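Asks: Protein chains in written order, with numbering that gives the first Met the number 0: chain A, 0 to 75; chain B, 0 to 654.
Beta carbons are placed, not taken as given, at the ideal position from N, Cα and C, and that holds for glycine.
Computed from a prediction, not measured in an experiment: that's the story for all the values here.
Before I ask anything, here is the structure I am working with.
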Amino acid sequence: MNKMVADVGMVAISAMLTMVGTGFATAWAEKVVGGAAVGAMAEKPELFARGLTMMVLPETIVIFGMLIAFFLVGKI
Amino acid sequence: MLRPEPMSRVLLVGPREELDRVIEALYGLKLVHVVDYREEDETLKMGKPLPKAAEISENLIKIRSISTILQSQKVKSPPTVAVAGDLREKIIALEINITEEDLNRKKTEALISDLGKQIEDLSPFAELPLSLDAYRGYESLAVFVGRISRDIEGIGEVSPEREVFRGENTAAVFVPKERAEAMRDLLLTQGFSSLSVPDAAGDPKAKLQSLLAERHKRRRRLAEIDERLTKLRERYAGFVIAAEKQLGVEIEKAEAPLRFATSEHSFVIDGWIPSAKFDDLRSRLGDLDSIFLSKVEGKDDEAPTLLRNSKSVRPFESFIHLFSTPSYKELDPTIVLSLVFPIFFGFMIGDAGYGAVWLVLGIIALRKLDKGGFRDLVFAVTLGGFFSLIFGLFLYGEAFGMPFIAHVTADNPHAMGWDTYLGIHIPITSVFHKLENPVELILLSIIAAFVHLGIGFLFGFVNEWQRNKKHGIAKLSWLLILTGLFMVIMARAAKWPGFGRELYTTLFGWVPGGGLTLDALGFMGVNPMPFAALALIIGGIVILIFTESALAPVEVVGLFANMMSYSRLAGVAMAKAATAEAFNTIVFIAAAPGGAYIAVGLVLAVVFHMIIFFLGAVSAGIQAIRLNYVEFFFKFFKGNGTMFRPFGTGKATEV
Chain A
0 MNKMVADVGM
10 VAISAMLTMV
20 GTGFATAWAE
30 KVVGGAAVGA
40 MAEKPELFAR
50 GLTMMVLPET
60 IVIFGMLIAF
70 FLVGKI
Chain B
0 MLRPEPMSRV
10 LLVGPREELD
20 RVIEALYGLK
30 LVHVVDYREE
40 DETLKMGKPL
50 PKAAEISENL
60 IKIRSISTIL
70 QSQKVKSPPT
80 VAVAGDLREK
90 IIALEINITE
100 EDLNRKKTEA
110 LISDLGKQIE
120 DLSPFAELPL
130 SLDAYRGYES
140 LAVFVGRISR
150 DIEGIGEVSP
160 EREVFRGENT
170 AAVFVPKERA
180 EAMRDLLLTQ
190 GFSSLSVPDA
200 AGDPKAKLQS
210 LLAERHKRRR
220 RLAEIDERLT
230 KLRERYAGFV
240 IAAEKQLGVE
250 IEKAEAPLRF
260 ATSEHSFVID
270 GWIPSAKFDD
280 LRSRLGDLDS
290 IFLSKVEGKD
300 DEAPTLLRNS
310 KSVRPFESFI
320 HLFSTPSYKE
330 LDPTIVLSLV
340 FPIFFGFMIG
350 DAGYGAVWLV
360 LGIIALRKLD
370 KGGFRDLVFA
380 VTLGGFFSLI
390 FGLFLYGEAF
400 GMPFIAHVTA
410 DNPHAMGWDT
420 YLGIHIPITS
430 VFHKLENPVE
440 LILLSIIAAF
450 VHLGIGFLFG
460 FVNEWQRNKK
470 HGIAKLSWLL
480 ILTGLFMVIM
490 ARAAKWPGFG
500 RELYTTLFGW
510 VPGGGLTLDA
520 LGFMGVNPMP
530 FAALALIIGG
540 IVILIFTESA
550 LAPVEVVGLF
560 ANMMSYSRLA
570 GVAMAKAATA
580 EAFNTIVFIA
590 AAPGGAYIAV
600 GLVLAVVFHM
610 IIFFLGAVSA
620 GIQAIRLNYV
630 EFFFKFFKGN
640 GTMFRPFGTG
650 KATEV
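Following this line, the structure appears as structure tokens:
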């Protein structure tokens, strides 16, 4: 029984770590790209579309993080 | 609706002496999008501005400087003035009048600030009982004058011979020259800050009085000048604004030839016109016999885009232009955006209370606002408010973060609801509760993803098919892959009995062929990964390799991420619901003791719900538009079109 509780705990912690890690990674990447994109847009407003594209690319990281976390929690 | 207005390329050729009249006619029609002439050659040169352009721009500069001095934009509703006759004479008369006043004002302001400085320098000396001459001209004495607030301690030890005069916060100390160094050090330790003696002579008190009187006089003068300028502003603001506008129009006309090609005796205007309006142009120019007008073959790639949508969809066009103007050959996605944005917004807010407030506020605002980007935004959010109301009533059954009928269970006997907490019975049951049914909400989001992205690929197919059949087919293969992925996700959700399984059986129960069990990923015996879905995905990938490139299949992972990205719909809805529930709990705890506490609770409730109301709309609005911009548009949208700007609608030219 105790072993099972420990296992469940480990799975939950893994899911948490996945979310934390991918969340930070995405935030970091978007910070860099976003800053540059806003700078470019201030110069040339027509770069909005391209800036937005670049800006949201790193989101994929956290989306997959969420999926993995989802699968992990599903195992509990 | 899905296509921009059809355009025709027109050429207008005529003798130069008719140029003036042609410009007038085109300006009045506001139908021709002029293509600027840039490639000069031997015979055809870029045109020169009409001769009157120099005078007009000079007048425009004058009137703008007058406008700045008068601050005519400060007048809230300037009277509408018809500008007629000789503008130049009026402008020059006004200029003389106003520049003189302005000069006077500037001079007086400078004098006042100068007087202020003198007063500031002199006032400490007025506290001391000495004439200004008394501070200088000594051979054997050193003088220290400055500010010090307390008594000077230990002065006797530094110099037994001295004379000290004190004002309230000032002091003048006279000591023999040989003691000067020691006295300076002592004074510095006691917070003394020295002042320089003004150049003037005589009694500082009397001098200060006269300076103050002088400043008072000047200030009155300034007030008089300001009053006169205010009167001038009230009297002439209407004229100034009207003249500025009129001159803006005239300068656009006068400088128009810069955009045309001209030879020694003739001019050529090249432009685009909505095909349906060509006859209007012809009949308008009909009375000018010497003008030759004809439709010519134009490349579609160069045509400007004029979106045409019904009135209720048009406000969403500005969202499209914000991203990028569609090219002339592309499908116009405005209609899809105008449906999807409010639905997504409504799904995320999903609250009858907030929805109703947005709807009412929005309708009031729309009546008052003038046309423009902000009005378009308000329109979009108002529609979103309407869908919030619908979703709030029929899907979530809640208002202001509380369900109409509390979901009381054994685990949660004190569930919050309009009936349990407020005693108001509204017989609407919630289909889903945002915080209790996260999986269901995510699945609804994925369905939205499938529909939305599917439309995107269909648009992409239509756009690509005209240009390149192969690329068109590639878009269809993406649609196959999308369907396959959708089936896989739904099959995975069918692992849980209840909504997930029901949904799968309803949508794909008819699909034969069994499936693959993959325990590690949660595809069990009850919900195998359907072979049909795998066939769709693999088939799609194979077609993709032949139609796009061998590397294209890598993008399948990206498509999967795009689909999952829609789960933000559920995420924002849940976050909003959780915040609302937490706030409501605080409100009820605050109001629980009854009596005056109910008032406290009410105030808290208003503040809290205002926060959720605005924050919720901001996040829901951003996420809803983003799903369109990123996930949807990237499936088909190329953009980079030129917006149709007919001659005569341009903003006033900068001079």
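Taking the beta strand (DSSP E) that glutamate 162 of chain B belongs to, which residues open and close that run?
Replies: The sequence position of residue 162 of chain B within the second sequence is 163, counting from 1. Run containing glutamate 162 of chain B: 162 to 165, per the beta strand (DSSP E) assignment.
Asks: Could you tell me which chain A residues have their CB closer than 7 Å to the CB of tyrosine 628 of chain B, listed as they occur along the chain?
Replies: Here residue 628 of chain B refers to the residue found at position 629 of the second sequence. In chain order: Leu51.
Asks: Does glycine 73 of chain A come within less than 8 Å of chain B when only Cβ atoms are used?
Replies: Counted from its first residue, the first sequence places residue 73 of chain A at position 74. With 8 Å as the cut-off, glycine 73 of chain A counts as an interface residue toward chain B.
Asks: Helix, strand or coil, according to DSSP, for leucine 140 of chain B in the structure here?
Replies: Residue mapping note: residue 140 of chain B aligns to position 141 of the second sequence, counting from 1. Reduced to three states, the DSSP call for leucine 140 of chain B is strand.
Asks: Opposite isoleucine 472 of chain B in the DSSP bridges: which residues?
Replies: Mapped onto the second sequence, residue 472 of chain B falls at position 473. According to DSSP, which records beta bridges pairwise, isoleucine 472 of chain B is partnered with nothing at all.
Asks: Per DSSP, arginine 658 of chain B is paired with what?
Replies: Lying before the first or after the last residue shown, residue 658 of chain B is absent from chain B, which here runs from 0 to 654.
Asks: Any idea if tyrosine 137 of chain B is buried or exposed, counting beta-carbon neighbours within 10 angstroms, 16 or more meaning buried?
Replies: Indexing the second sequence from 1 puts residue 137 of chain B at position 138. When all chains shown are included, tyrosine 137 of chain B counts as exposed.
Asks: Which residues in chain B have a C-beta closer than 8 Å to the C-beta of valine 55 of chain A? List them in chain order.
Replies: Position 56 of the first sequence, counting from 1, holds the residue named residue 55 of chain A. Those within 8 Å of valine 55 of chain A in chain B are Arg625, Val629.
Asks: Is there a C-beta anywhere in chain B that falls below 8 Å from the one on alanine 14 of chain A?
Replies: Numbered from 1 along the first sequence, position 15 holds the residue referred to as residue 14 of chain A. No - not a single Cβ of chain B is within 8 Å of the one on alanine 14 of chain A.
Asks: List, from N- to C-terminal side, the alpha helix (DSSP H) runs of 4 residues or more that fit wholly inside the stretch 46 to 71 of chain A.
Replies: With a minimum length of 4 residues, the continuous alpha helix (DSSP H) runs that stay inside the stretch 46 to 71 of chain A are 47 to 55.
Asks: So, is the C-beta of glutamate 653 of chain B closer than 8 Å to a C-beta in chain A?
Replies: Indexing the second sequence from 1 puts residue 653 of chain B at position 654. Any reading at glutamate 653 of chain B must be qualified, since the residue scores a pLDDT of 37, below 50, and its modelled position is unreliable; the value itself is stated next. Chain A, which has no Cβ nearer than 8 Å to the Cβ of glutamate 653 of chain B, makes this no.
Asks: Does the distance from the C-beta atom of serine 317 of chain B to that of aspartate 350 of chain B stay below 8 Å?
Replies: The residue given as residue 317 of chain B occupies position 318 in the second sequence. The residue given as residue 350 of chain B occupies position 351 in the second sequence. No, the pair does not count as a contact, with Cβ atoms beyond the cut-off.
Asks: I want to see whether chain B comes within less than 8 Å of glutamate 42 of chain A, judged by CB atoms only; does it?
Replies: The residue given as residue 42 of chain A occupies position 43 in the first sequence. Closer than 8 Å: no.
Asks: To the nearest whole angstrom, what separates the beta carbons of glutamine 70 of chain B and arginine 232 of chain B, a pair I think is in contact under 8 Å?
Replies: To locate residue 70 of chain B, count along the second sequence from 1; it is residue 71. To locate residue 232 of chain B, count along the second sequence from 1; it is residue 233. Glutamine 70 of chain B to arginine 232 of chain B, Cβ: 7 Å. Contact.
Asks: Considering only the beta carbon of each residue, do alanine 241 of chain B and leucine 49 of chain B sit closer than 8 Å?
Replies: On the second sequence, position 242 is the one that residue 241 of chain B refers to. On the second sequence, position 50 is the one that residue 49 of chain B refers to. Their beta carbons are not under 8 Å apart, which means alanine 241 of chain B does not touch leucine 49 of chain B by this criterion.
Asks: In the structure shown, what three-state DSSP assignment does lysine 637 of chain B receive?
Replies: Within the second sequence, residue 637 of chain B is the residue found at index 638, counting from 1. Correct three-state label for lysine 637 of chain B: coil.
Asks: What residue from B/Ile537, B/Asp418, B/Val438 has the CA that sits closest to phenylalanine 69 of chain A's CA?
Replies: What you label residue 69 of chain A is simply residue 70 of the first sequence in a count that begins at 1. Of the listed residues, the one whose Cα sits closest to phenylalanine 69 of chain A is B/Val438.
Asks: Taking 8 Å as the limit between beta carbons, can you name the residues of its chain near serine 309 of chain B, skipping five residues before and five after?
Replies: Translated into positions along the second sequence, residue 309 of chain B becomes position 310. Result list for serine 309 of chain B: Met0, in chain order.
Asks: What separation, rounded to the nearest whole angstrom, lies between the Cα atoms of phenylalanine 636 of chain B and histidine 413 of chain B?
Replies: On the second sequence, position 637 is the one that residue 636 of chain B refers to. On the second sequence, position 414 is the one that residue 413 of chain B refers to. Cα to Cα, phenylalanine 636 of chain B sits roughly 51 Å from histidine 413 of chain B.
Asks: Just the Cα atoms here: how many angstroms apart are lysine 468 of chain B and phenylalanine 458 of chain B?
Replies: Position 469 of the second sequence, counted from the start, is the residue given in the question as residue 468 of chain B. Position 459 of the second sequence, counted from the start, is the residue given in the question as residue 458 of chain B. For lysine 468 of chain B and phenylalanine 458 of chain B, the distance between alpha carbons rounds to 14 Å.
Asks: Please go through the same chain and pick out, in chain order, the residues whose beta-carbon is closer than 6 Å to the beta-carbon of alanine 531 of chain B, but skip the five residues on each side of it.
Replies: Position 532 of the second sequence holds residue 531 of chain B. Val510, Gly512, listed in sequence order.
Asks: When you compare the CB positions of methionine 6 of chain B and alanine 302 of chain B, do they come within less than 8 Å of one another, or not?
Replies: Your numbering for residue 6 of chain B matches position 7 in the second sequence. Your numbering for residue 302 of chain B matches position 303 in the second sequence. It is a contact, given that the beta carbons lie within the stated cut-off.
Asks: Considering alanine 92 of chain B, what are the terminal residues of the alpha helix (DSSP H) in which it resides?
Replies: Looking up residue 92 of chain B in the second sequence gives position 93. Residues 86 to 125.
Asks: Which chain B residues sit within Cβ distance under 8 Å of threonine 25 of chain A?
Replies: Position 26 of the first sequence holds residue 25 of chain A. Here the premise fails: no neighbours, minimum Cβ distance about 12 Å.
Asks: Considering only the alpha carbon of each residue, which of A/Ala36, A/Ala14, A/Ala41, A/Glu42 lies closest to arginine 134 of chain A?
Replies: Given a span of 0 to 75 for chain A in the structure shown, any question on residue 134 of chain A remains unanswerable.
Asks: Return helix, strand or coil for glutamate 397 of chain B, following the three-state DSSP convention.
Replies: Stepping through the second sequence from its first residue, residue 397 of chain B is reached at position 398. Three-state result, glutamate 397 of chain B: strand.
Asks: Count the other CB atoms, across all protein chains shown, that sit within 10 Å of the CB of tyrosine 503 of chain B; report buried if there are 16 or more and exposed otherwise.
Replies: Against the second sequence, residue 503 of chain B aligns to sequence position 504. The residue in question, tyrosine 503 of chain B, is buried, as its Cβ has 16 or more Cβ neighbours within 10 Å.
Asks: Do the stretch 552 to 559 of chain B and the stretch 326 to 341 of chain B meet, that is, are 3 or more Cβ pairs less than 8 Å apart?
Replies: No, the stretch 552 to 559 of chain B does not touch the stretch 326 to 341 of chain B.
Asks: May I have a chain-ordered list of the beta strand (DSSP E) segments no shorter than 3 residues that lie completely inside the stretch 348 to 427 of chain B?
Replies: Here no run is fully enclosed.
Asks: With DSSP run on the structure shown, which of helix, strand or coil describes alanine 560 of chain B?
Replies: Here residue 560 of chain B corresponds to residue number 561 of the second sequence, with the count starting at 1. Correct three-state label for alanine 560 of chain B: helix.
Asks: Please decide whether serine 323 of chain B counts as near chain A, where near means a Cβ-Cβ distance under 8 Å.
Replies: Mapped onto the second sequence, residue 323 of chain B falls at position 324. True, the Cβ-Cβ gap to chain A drops below 8 Å.
Asks: Which of the residues in the stretch 289 to 303 of chain B, read from start to end, lie with their CB under 8 Å from any CB of chain A?
Replies: Those residues of the stretch 289 to 303 of chain B that come within reach of chain A (Cβ to Cβ, closer than 8 Å) do not exist; the list is empty.
Asks: Work out the CA separation of alanine 199 of chain B and arginine 135 of chain B for me, nearest whole Å.
Replies: As a working mapping, residue 135 of chain B is identified with position 136 in the second sequence. As a working mapping, residue 199 of chain B is identified with position 200 in the second sequence. So the two alpha carbons sit approximately 11 Å from each other.
Asks: For my contact list, lysine 206 of chain B and leucine 121 of chain B are in at a C-beta cut-off of 8 Å; report their separation, rounded to the angstrom.
Replies: Here the question's residue 206 of chain B lines up with position 207 in the second sequence. Here the question's residue 121 of chain B lines up with position 122 in the second sequence. Confirmed, about 6 Å.
Asks: Are there 16 or more other CB atoms within 10 angstroms of the CB of threonine 648 of chain B, so buried, or fewer, so exposed?
Replies: Locating residue 648 of chain B in the second sequence gives position 649, where the first residue counts as 1. Burial call: exposed.
Asks: Label glycine 383 of chain B either buried or exposed according to how many other C-beta atoms from any shown protein chain fall within 10 Å of its C-beta, with 16 as the threshold for buried.
Replies: Taking the first residue of the second sequence as position 1, residue 383 of chain B is located at position 384. Buried.
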